[in-house]
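*Asks:* Just so we're aligned, residue 1 is where the sequence shown starts under the UniProt record's numbering, counting upward by one.
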Amino acid sequence: MAVILQTCPQFVKLSDLECQKPRVEMHFTPRMSRSIPESSWVESPLLMSHSVGYRSAPHPLEPETSETNSDSDSVLQSSISQPKKLVRKLGTDLLRMFLEEIGPDVTVEVEGHKLKAHKCILASRCQYFAALLSGNWLEKSGNIISLQGFSYESVYFSLCHIYSGAAHVPDSISLVELASLADMLGLEGLKEVVEHALKQRHCHNFHKPCAGCCTGVLEVLPLSAAYGLDDLYQKCLQWITQHFVRVWPSRAFASLPRELRDKCYQQHVVHMNPDRVLGTILACDKILATLPSMRWAEPVSQLVLQLTDACHLYHRQHFAAVLGSHYVLGLDSGLGFGVCQIEDQMLSAAKNLGVDQACRSYSRCCKMLDQNWTRPFADLLNKIKLQLEQCLVGQADRLIRSNAWLRLDTSLRKYHVIQEEEESLYCDSCQVVTHANFKCSGVSTTEVRAITLQKRNLLYFCQDCRDAFKTVPKFIREMKNMQNEIDDLKEQIKELKQKKPEPAQDFESMIYEYEDRKVRARNVMIFNLPESQAYNVQEQCKEDTSTTKNILGAVIDPEKNQENKVGKTGSKPRPIKVILDSENDAIHNFKEEQMMAKR
Numbered sequence: 001m002a003v004i005l006q007t008c009p010q011f012v013k014l015s016d017l018e019c020q021k022p023r024v025e026m027h028f029t030p031r032m033s034r035s036i037p038e039s040s041w042v043e044s045p046l047l048m049s050h051s052v053g054y055r056s057a058p059h060p061l062e063p064e065t066s067e068t069n070s071d072s073d074s075v076l077q078s079s080i081s082q083p084k085k086l087v088r089k090l091g092t093d094l095l096r097m098f099l100e101e102i103g104p105d106v107t108v109e110v111e112g113h114k115l116k117a118h119k120c121i122l123a124s125r126c127q128y129f130a131a132l133l134s135g136n137w138l139e140k141s142g143n144i145i146s147l148q149g150f151s152y153e154s155v156y157f158s159l160c161h162i163y164s165g166a167a168h169v170p171d172s173i174s175l176v177e178l179a180s181l182a183d184m185l186g187l188e189g190l191k192e193v194v195e196h197a198l199k200q201r202h203c204h205n206f207h208k209p210c211a212g213c214c215t216g217v218l219e220v221l222p223l224s225a226a227y228g229l230d231d232l233y234q235k236c237l238q239w240i241t242q243h244f245v246r247v248w249p250s251r252a253f254a255s256l257p258r259e260l261r262d263k264c265y266q267q268h269v270v271h272m273n274p275d276r277v278l279g280t281i282l283a284c285d286k287i288l289a290t291l292p293s294m295r296w297a298e299p300v301s302q303l304v305l306q307l308t309d310a311c312h313l314y315h316r317q318h319f320a321a322v323l324g325s326h327y328v329l330g331l332d333s334g335l336g337f338g339v340c341q342i343e344d345q346m347l348s349a350a351k352n353l354g355v356d357q358a359c360r361s362y363s364r365c366c367k368m369l370d371q372n373w374t375r376p377f378a379d380l381l382n383k384i385k386l387q388l389e390q391c392l393v394g395q396a397d398r399l400i401r402s403n404a405w406l407r408l409d410t411s412l413r414k415y416h417v418i419q420e421e422e423e424s425l426y427c428d429s430c431q432v433v434t435h436a437n438f439k440c441s442g443v444s445t446t447e448v449r450a451i452t453l454q455k456r457n458l459l460y461f462c463q464d465c466r467d468a469f470k471t472v473p474k475f476i477r478e479m480k481n482m483q484n485e486i487d488d489l490k491e492q493i494k495e496l497k498q499k500k501p502e503p504a505q506d507f508e509s510m511i512y513e514y515e516d517r518k519v520r521a522r523n524v525m526i527f528n529l530p531e532s533q534a535y536n537v538q539e540q541c542k543e544d545t546s547t548t549k550n551i552l553g554a555v556i557d558p559e560k561n562q563e564n565k566v567g568k569t570g571s572k573p574r575p576i577k578v579i580l581d582s583e584n585d586a587i588h589n590f591k592e593e594q595m596m597a598k599r
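Here you go:
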């Protein structure tokens, strides 16, 4: 009894029963069997007689445990065998509790429908519902959970999965919506169900490419990336990479988001290996040759060119490994058609190798030539060997100082050009070549050996560089003087920047004053004119106009010009201000000296 009390919790979660999968036969009572219609799409998790144990997600079943002969094991087995036999019956009964609404204590609302459920089951099986039910606010709202934005069918199937682990998704339910709902609810088991359905319906279990799966996989890829279906996402990337010759040159691939296209490219680069690089280069050439010259194909063309460059770079960096790969060695069989396809790629890469890679590749090529090959393949190896020799000779100055050349077999280091390079000294300053004898270099034999070491502390400078070094102190002094002058200039500039400039007049006030001066330039002021004795204002204006016209003559036009008294009435006569049409009229008026004298 003690064992039973320790192993039985207050209520059983289906997640706790996934590990209990014995092969048992279930017999249901007629009452429970009649509670579900036979035509219901949820009958698959209910009709489970003569089948394996219940499981809440499509995981592989564990092997059956063997019976033990010991008394202690038999006692323990008898104490826990009864709960194991009731695993499937428990899942079926839980589903009937949901379908028949037996003792519900919470309501799930969706699209106007109300689904009765149980808090304990929702909280134990779903993280989302567990978070909602953790507080007391749900009881205040009437124990109603509203799921907006989802269809009734998707929510209904999700609840059936929570209760019984239903794994057969009906065709009427949108897998996209179900994946979104599973991601929101945090149901990893339901995600696996959706992955399985997507893989079967749209990806055709990732078999050889056909018209349906070429489109379906490209539709599933963004869906799996958006809703965290990681396993399906990786399988889609692997399948697209494996069959990219068929998938990439399509509108569906070109319409993918740029991030996903880059992921497909990165999948190639990350999983690049010596056995695949040449095949990828040839496949890229094939895609570029067959890709239509249309606007939608431009992103695909750029991605293929980018992949081609990455393959060429990998080929140069791993030329020795590619030369000994299964792909290259497999070209020895047949009539040599494969050799013709890769010959240009191999020779082009061998022409631009680094020192270390060229030495390793040359050593491997020479070893391969010692074996028996077909005529086309042997000719290819000889061409590669000649190209590698030219590459080594072209880098002789760096070659003789590299560890890869020193590790190379002595029988392979036989070129007279490289031997002459080995007998030469390079100035560490100007890189001028000097013969290593004492007459040319002025260096003893012991010093030559010390200078030509790969890891050395002794530097060699030619005579011209040694003479130039003597003038260095003079240049140093001149540079110090220039530096001092530059520092003085910097200080002067700093002082000028620190000085506060005098506050300038406001720009708007300057503009206003300028405009006012232009207006006043047209004004003419007439002083000491007697005040008019007329009582009427109009009569006074007429007298002032007549007086002004007599003084200014033809310059003034009463209809265009304005004249008025300035100031207040007092003991002194007020001046008259006349506004002329232009500044020139005012200047012309003052030039009439004779007229002004007469007046």
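Note that CB positions come from ideal geometry on N, CA and C, so glycine has one too.
Taking 8 Å as the threshold, find out whether the stretch 281-296 comes into contact with the stretch 318-331 through three or more Cβ pairs.
*Replies:* No, they do not touch.
*Asks:* Any contact of the stretch 288-307 with the stretch 351-361, i.e. 3+ C-beta pairs under 8 Å?
*Replies:* Touching, no.
*Asks:* My guess is that A182 and K191 are in contact by the Cβ rule of under 8 Å, so how many angstroms apart are they, rounded?
*Replies:* Yes, they are in contact, since the Cβ atoms of A182 and K191 sit about 5 Å apart, within 8 Å.
*Asks:* Any idea what DSSP makes of V176, helix, strand or coil?
*Replies:* DSSP places V176 in helix when its eight states are reduced to three.
*Asks:* Straight-line CA distance for D379 to C366?
*Replies:* Spanning the two alpha carbons is a distance of roughly 13 Å.
*Asks:* So for E566, helix, strand or coil by DSSP?
*Replies:* Here residue 566 turns out to be Val, not Glu, going by the sequence shown. DSSP places V566 in coil when its eight states are reduced to three.
*Asks:* Can you give me the start and stop residues for the beta strand (DSSP E) that E109 sits inside?
*Replies:* Segment 106-110, the beta strand (DSSP E) holding E109.
*Asks:* Does any residue of chain C bring its CB to less than 8 Å from the CB of L386?
*Replies:* Absence of chain C from the displayed structure is noted, only one protein chain being present.
*Asks:* What does the alpha-carbon distance come out to for the pair Q267 and Q238?
*Replies:* Whole-angstrom Cα-Cα distance: 8 Å.
*Asks:* Is there contact here, the stretch 243-250 with the stretch 269-279, by at least three beta-carbon pairs under 8 Å?
*Replies:* These segments do not touch.
*Asks:* With a 10 Å radius around its C-beta and 16 neighbouring C-beta atoms as the bar for buried, classify M346 as buried or exposed.
*Replies:* Buried.
*Asks:* Out of L159, S151, G165, K114, which one is the CA nearest neighbour of N143?
*Replies:* When only C-alpha atoms are compared, the closest one is K114.
*Asks:* What number of angstroms, rounded off, separates the C-alpha of F129 from the C-alpha of I145?
*Replies:* Between F129 and I145, the C-alpha separation is close to 9 Å.
*Asks:* Grab me the residues of residue 653's own chain with a C-beta within less than 8 Å of its C-beta, minus the 5 sequence neighbours each way, in chain order.
*Replies:* Lying outside 1 to 599, the shown extent of the chain, residue 653 is not represented and no answer is given.
*Asks:* Check each candidate in K474, G189, V176 and name the one with the smallest Cα separation from L221.
*Replies:* Nearest option by C-alpha distance: V176.
*Asks:* Just how far apart, CA to CA, sit S348 and R407?
*Replies:* One C-alpha to the other measures close to 25 Å.
*Asks:* If you draw a straight line from the C-alpha of L138 to the C-alpha of K199, how long is it?
*Replies:* Near 38 Å, if we compare the C-alpha coordinates of K199 and L138.
*Asks:* With a 10 Å radius around its C-beta and 16 neighbouring C-beta atoms as the bar for buried, classify G149 as buried or exposed.
*Replies:* Classification for G149: exposed.
*Asks:* Provide the residue(s) that pair with V393 in DSSP beta bridges, ordered along the chain.
*Replies:* For V393, which the question treats as bridged, DSSP gives no partner whatsoever.
*Asks:* For A167, which three-state DSSP category applies?
*Replies:* A167 falls in the coil class under three-state DSSP.
*Asks:* Over the uninterrupted alpha helix (DSSP H) stretch that includes S250, give me the two end residues.
*Replies:* First-last for S250: undefined, no H or E at that position.
*Asks:* Straight-line CA distance for Y514 to R522?
*Replies:* Those two C-alpha atoms are separated by around 13 Å.
*Asks:* Contact between the stretch 157-171 and the stretch 216-235: three or more CB pairs below 8 Å?
*Replies:* With the cut-off at 8 Å, the stretch 157-171 and the stretch 216-235 do not touch.
*Asks:* List the residues that DSSP assigns as beta-bridge partners of L115.
*Replies:* DSSP, once it has assigned bridges, lists V108 as partnering L115.
*Asks:* By the three-class DSSP mapping on this structure, what secondary structure does M482 have?
*Replies:* Looking at M482 - three-state DSSP - the assignment turns out to be helix.
*Asks:* Take the Cβ of D581 as the centre, count every other Cβ of all protein chains shown within 10 Å, and call the residue buried at 16 or more, exposed below.
*Replies:* D581 comes out exposed.
*Asks:* Considering just the uninterrupted stretch of the alpha helix (DSSP H) at M294, what are its terminal residues?
*Replies:* Per DSSP, M294 belongs to no alpha helix (DSSP H) and is neither H nor E.
*Asks:* Quick check on the burial criterion: 16 or more other C-beta atoms within 10 angstroms. Buried or exposed for Q483?
*Replies:* Result: exposed.
*Asks:* Considering only the beta carbon of each residue, do S361 and A350 sit closer than 8 Å?
*Replies:* Yes, Cβ-Cβ distance for S361 and A350 is below 8 Å.
*Asks:* Do V578 and T548 have their C-beta atoms within less than 8 Å of each other?
*Replies:* Yes, these two residues count as a Cβ contact at 8 Å.
*Asks:* Could you check if E389 belongs to the surroundings of the ligand MG, using beta carbon to heavy atom distance under 7 Å?
*Replies:* With respect to the ligand MG, the structure offers nothing, as it holds no ligand at all.
*Asks:* I'd like the list of long-range same chain contacts for G212, defined as Cβ closer than 7 Å, with 5 residues on each side in sequence excluded.
*Replies:* So the qualifying residues of the chain are H204.
*Asks:* With a CB to CB cut of under 7 Å and the five nearest residues on each side skipped, what residues in its chain are close to residue 623?
*Replies:* In the structure as shown, the chain begins at 1 and stops at 599. Residue 623 is therefore absent and cannot be evaluated.
*Asks:* For V472, count neighbouring Cβ atoms within 10 angstroms of its own Cβ and tell me buried if that reaches 16, exposed if not.
*Replies:* It counts as exposed.
*Asks:* Around the C-beta of Y152, are 16 or more other C-beta atoms found within 10 angstroms, so that it is buried, or is it exposed?
*Replies:* So Y152 ends up on the exposed side.
*Asks:* Rounded to a whole number of angstroms, what is the C-alpha to C-alpha distance between M510 and R517?
*Replies:* The alpha-carbon atoms of M510 and R517 are separated by roughly 11 Å.
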